[in-house]
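Trainee: Structure in structure tokens, see below.
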Amino acid sequence: MLKSGTLKGYDELRVMFAYVVYMIRMDIDLQEKSHSVFSYLNENGGNYTRMYLSRAIEYSMSTFQEKINALEMEIAELEAAKSFGQADEKKRMKQRYEDLISNLTPLLTVEEGGY
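The numbering used here applies: residue 11 is where the sequence shown begins, and numbers increase by one.
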């Protein structure tokens, strides 16, 4: 819906906020797609949407960082319990979140330069 171009003004802004709230509660596969949505909004979003886009990205990134912190604790517990297979799985998940934050960071910088 955000990429359709049919929403304008406050409607687009409301849908962006709803998307962010929905997306951060989903699994990593959907969260990784947020980069393309945020990129689209950064280039094609209305003035109101672009004005608040950096806050939406920052909020998403802070949520991803919280998930990384929780995963680090889980990894430490699993390694202490010698469950190395599960710890490796959590490490891969942590790496995906770190990559996602790295991918979103340039969008934040580009957007802040405009406002």
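We put the beta carbon where it would ideally sit given N, CA and C, even for glycine.
State yes or no: is the C-beta of I34 within less than 8 Å of the C-beta of R106?
Mentor: Their beta carbons are not under 8 Å apart, which means I34 does not touch R106 by this criterion.
Trainee: Nearest-angstrom Cα distance between G124 and L81?
Mentor: Below a pLDDT of 50, predicted positions are generally treated as unreliable, and G124, at 48, falls in that range; the measurement from the model is reported next regardless. Each residue's alpha carbon lies about 34 Å from the other.
Trainee: At the level of alpha carbons, what is the spacing between A66 and I85?
Mentor: Taking the straight line from one Cα to the other gives about 29 Å.
Trainee: Would you please verify whether the beta carbon of L51 is less than 8 Å from any beta carbon of chain C?
Mentor: In the structure shown, chain C does not exist; there is a single protein chain.
Trainee: Per DSSP, what kind of secondary structure is V25 in: helix, strand or coil?
Mentor: In this structure, V25 counts as helix in the three-state DSSP scheme.
Trainee: Please state the DSSP three-state secondary structure of A91.
Mentor: coil
Trainee: According to DSSP, simplified to helix, strand and coil, what is G19?
Mentor: helix
Trainee: I'd like to know whether the C-beta atoms of S70 and L114 end up nearer to each other than 8 Å.
Mentor: yes
Trainee: State the Cα-Cα distance for the pair E87 and K104, rounded to the nearest angstrom.
Mentor: 15 Å
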